[in-house]
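Chains as they are written, first to last, in my numbering: chain A, 1 to 272; chain B, 1001 to 1317; chain C, 2001 to 2264. Input: a single structure, listed below in structure tokens.
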Amino acid sequence: MTTLALNLRGRPAGRPGALGLGISTLWLSLIVLLPVAAVVARSTEGGLDAFWSAISSRQAVSALRFTLVVSLVATVINAVTGTLIAWVLVRDRFRGKRVVNALIDLPFALPTIVAGLTLLALYGPTSPVGIDVAFTQFAVLLALLFVTLPFVIRAVQPVLIELDREMEEAALSLGASGRTVFLRVILPNLVPAILSGAALAFARAVGEFGSIVLISGNIPFETQVASMFIFKQIESDNPIGAAAISVVLLALSLLVLIGIRGLGRWGARHDR
Amino acid sequence: MIAVRDVTKSFGDFVALGGVSLEIPDGSLTALLGPSGSGKSTLLRIIAGLEQPDSGAIEIHGADATRVPPQRRGIGFVFQHYAAFKHMTVRENVAFGMRIRRQPKDRIRERVDELLEVVGLAGYHERYPNQLSGGQRQRMALARALAVEPKVLLLDEPFGALDAKVRAELREWLRRLHDKVHVTTVLVTHDQEEAMAISDRIAVMDHGSIEQVGGPRELYDRPANGFVMRFLGPVSKIGDSLVRPHDITILLEPEDGARDAVVSRVVHLGFEVRVELRVAGEEAISAQVTRNEADQLELVEGGVVWVRTTHTLAVPA
Amino acid sequence: MTVDRPWRIGLRVLALGYLALLLLIPIGLVFYRTFENGIGAVYDSVTTPAAISAFSLTLTVTAIAVPLNTIFGVLCALALARGRFRGKALLNAIIDLPFAISPVVVGLALILVFGRGGWLGDLPFQVIFSVPGIVLATIFISIPFVVREVTPVLTEVGDEQEQAASTLGAGRWQAFWRVTLPSIRWGVAYGVVLSVARCIGEFGAVSVVSGKISGETETLTLLVEKRFQNFDLAGAYAASALLAFIALATLLAMTMINPRRDEE
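See the structure below:
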């Protein structure tokens, strides 16, 4: 074999280099970047005025504001309950715990439309216990609580598991009560994970569609979220207007994503 | 013979190897010895083809192998953390190289059995690496490397991840294996005792260059410089010279050329006795004497003695 | 930290109560409602021509999207874990994009590219309101899963085994096939399971892009919506129960794969 031929295969196995990167870039550009670029680019097709009036119409503003508020509320609630549930799953012992732990991922695995239907069964017109919150803002909150349930739990669990027990024991030996240990030793170490889970939950909530479709009634100025508003705009053959609102949602999500990465670095400064 | 000719290698600003040359005779067991950062692992990996030198050449049996990929160099490599194929059994691990070369099945089976016997893992064929101890995994790794009859065996701190007792056992075992199999072997280690115990030749490295090459006795008795001397054993400094603690003779009477000193501490370490002394105008030094000698001298703390040194090495101040 | 008994019980009750109200009771109710009238009725409901066609469309789309994204995912994970290039942060951000975008916006994006008047609107075959559009939407939303599962595994395992393989004579492809792939198989499996669940369950993007033509571009999730809006509650429940079964099967697969992942 000539040295030249050997040169071409000169690199030892395990250096992936160009092939993986090239194909990834191609695939991503085609499937992800192109469509997203289209939304951003074409949102201003009618000029900046059209863009502005699309996102500042009363209905658009109402939908966006409602989306933000209800997503925030859902995120905060699930941040608290998520931490609680993660605590119970990691530190407590009871029969059926493993089943419960597996079921936490149900909102990830279940189609959103089925999630909406599921909530409607218990909390809608056909509720066996007479609770009917369908077509109210509370229904939207309920749907968002359902779909964002796993985020904080799954973010906090591994951190709790890894938590150095000796830190807590040291605090106890120094006279701290259980409550103090939790508030001053455990919780501070969980905060980065909670925030990161919450950020993911929020990003998911603002864009949620399928679980809200059936249960909200999509009442403009009341229970209409941004994603449904966009959907209506598309149906009314106004894709450019829809694109404008989409850009706002996209910007929000990107902000959150960048926030998470920044959080990751901030959280890491605590590590040994 | 393996020849390293003027090899340099940098990683960004860090110069790992600055123009290193070395010849490794066939059939020998050569150690590359040095502290971390000395470049010894880098050199080994360049010989293996796992890294490319920035300049210089590697020759294996007279042919230039610098640009030849590791697959084609005919080497066997043993990693510090074993690099066992976790999803394969011991048998499959050892057979890997032969299967790549498409050797016939019965030949493979035969050789695997033979090698597992040699490394003391007979009967472990169907176990998985995670069912073996560290020492057993490393022996498997050796069997795997030897399976394809390499021209040279390269070991990168092979016993570094093992505890002291296993390390000591395995290095003796490696030497016996080498005596039986006679493959040119290059071993990287930071442990001078390990290097001295089993190698034919040692190349002492520091900061990317080779300080001295020679047999263990030669390096210990006639170190080329202060670094080599310090690395291979304990030293004390008196004035402009380095001296081995056991080359310091303690006298009860003054003599020509002997310096006066005060005994600050006598430490009994079993057979050995360490005597810490303050020589006038110098830092504290340690001398080593046998128990009998210590008894005869009747040393006490605060006592005045005279010291005479032999086999000293002059070093720049 | 040992919590006192009363506290512990209290916390447990709160946690389980929340989960029951939000998750367990509703889903139990759906199954109850579904099978209230007997399995026969359910069976009939999921074997109507529309249902069978919806189910087969969903499976077909999934069978296209998942393998493609798996191959991409493994290659991309290799590039991220082993490659040395600038812009890894950018690549990571782009991969995360499908997680951050509302499904409706995904559908909109595809319309803006492939629809009438779109950048690629004049292709010889129809994309929007047709199966290719559904496939593209499904691929988009399931891109991150395999990459995200495999990259940490590759990083953790390191490339020493591949180096060993190369010293033993294996070429790049041989080392990849015999050493790299087996070492990531459970990460890949987990990613595939997540992708499959996501593809089968996709609703929003497909809702925008499909045109919902029964028997042609109606997926199983769209069927659920249609039946509900046609007041065919029983039918909607039946189709939902089928999807819920698939979701539970997914959870089961995830639970079984998880310990395998951890031990590697």
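All C-beta atoms in this analysis are idealised placements derived from N, C-alpha and C, irrespective of residue type, glycine included.
In the structure shown, W52(A) adopts helical secondary structure according to DSSP, grouped into three states. Around the CB of R1045(B), 16 or more other CB atoms lie within 10 Å, so the residue is classed as buried. When beta bridges are read from the DSSP output, K1180(B) appears opposite no residue.
Ranked by Cα distance from V2150(C), the options V2157(C), P2124(C) and I2184(C) are led by I2184(C). The shortest CA-to-CA distance from R1127(B) to any of L1174(B), R1091(B), A1314(B) and Q1138(B) is the one to R1091(B).
According to the DSSP assignment, M1205(B) belongs to the beta strand (DSSP E) that extends over R1201 to D1206.
In the structure shown, F1096(B) adopts helical secondary structure according to DSSP, grouped into three states. Counting along the chain, W87(A) sits inside the alpha helix (DSSP H) bounded by residues R58 to R91. By the Cβ neighbour-count rule, L2120(C) is exposed, with fewer than 16 other Cβ atoms within 10 Å of its own. Close partners of W2119(C) in chain A (Cβ separation under 8 Å): L34 and A38. With distances taken between CA atoms, L2097(C) lies nearest to V36(A) out of I245(A), V36(A), E45(A) and V76(A). Rounded to the nearest whole angstrom, the CA to CA distance from F66(A) to V147(A) is 17 Å.
Proximity of the region 232 to 249 of chain A to the region 84 to 100 of chain A falls short of the contact definition, fewer than three beta-carbon pairs being nearer than 8 Å. For the C-beta of R2033(C), the chain A residues within less than 7 Å are, from N- to C-terminus, A121. For K1151(B), the secondary structure class from DSSP, reduced to helix, strand or coil, is coil. Counting the other Cβ atoms within 10 Å of the Cβ of H1061(B) gives fewer than 16, which makes it exposed. Counting the other CB atoms within 10 Å of its CB gives M2256(C) a total below 16, which places it among the exposed residues.
Between I1198(B) and R1171(B), the C-beta gap is smaller than 7 Å, which places the two residues in contact.
Along the region 2157 to 2214 of chain C, the alpha helix (DSSP H) occurs as fully enclosed runs of 4 or more residues at 2160 to 2167, 2172 to 2175, 2181 to 2201 and 2204 to 2210, listed in sequence order. Neighbourhood of T2255(C) in chain A, by CB distance below 7 Å: A102, in chain order.
Residue range S1055 to I1060 is occupied by the beta strand (DSSP E) that includes I1060(B). In this chain, the beta strand (DSSP E) harbouring F1011(B) covers I1002 to F1011. Residues of the region 1096 to 1119 of chain B with a Cβ closer than 8 Å to any Cβ of chain C, in chain order: F1096, G1097, I1100 and R1101. Chain A has a Cβ within less than 7 Å of the Cβ of L2075(C).
Contact residues of the region 1242 to 1266 of chain B toward chain C are absent (C-beta to C-beta distance below 8 Å).
Contact annotation: the region 1301 to 1316 of chain B touches the region 1260 to 1280 of chain B, with at least three C-beta pairs closer than 8 Å. Between S253(A) and A2239(C), the CB-CB gap reaches or exceeds 7 Å. In the structure shown, A1280(B) adopts coil according to DSSP, grouped into three states.
C-alpha of A2093(C) to C-alpha of A2079(C): approximately 15 Å in a straight line.
Using a CB distance cut-off of 7 Å, Q1071(B) counts as an interface residue toward chain C.
I2111(C) is a Cβ neighbour of I2128(C), given a cutoff of 7 Å.
For W27(A), the chain C residues whose C-beta falls within less than 7 Å of its own C-beta are F2072, listed in chain order. Q1071(B) is classed as buried because its beta carbon has at least 16 other beta carbons within 10 Å across all chains shown. Here Q59(A) is exposed: its Cβ has fewer than 16 other Cβ atoms, across all protein chains shown, within 10 Å. Taken through DSSP and simplified to helix, strand or coil, L1033(B) comes out as strand.
Residues of the region 1042 to 1060 of chain B with a C-beta atom less than 7 Å from some C-beta of chain C are A1048 and L1050, listed in chain order.
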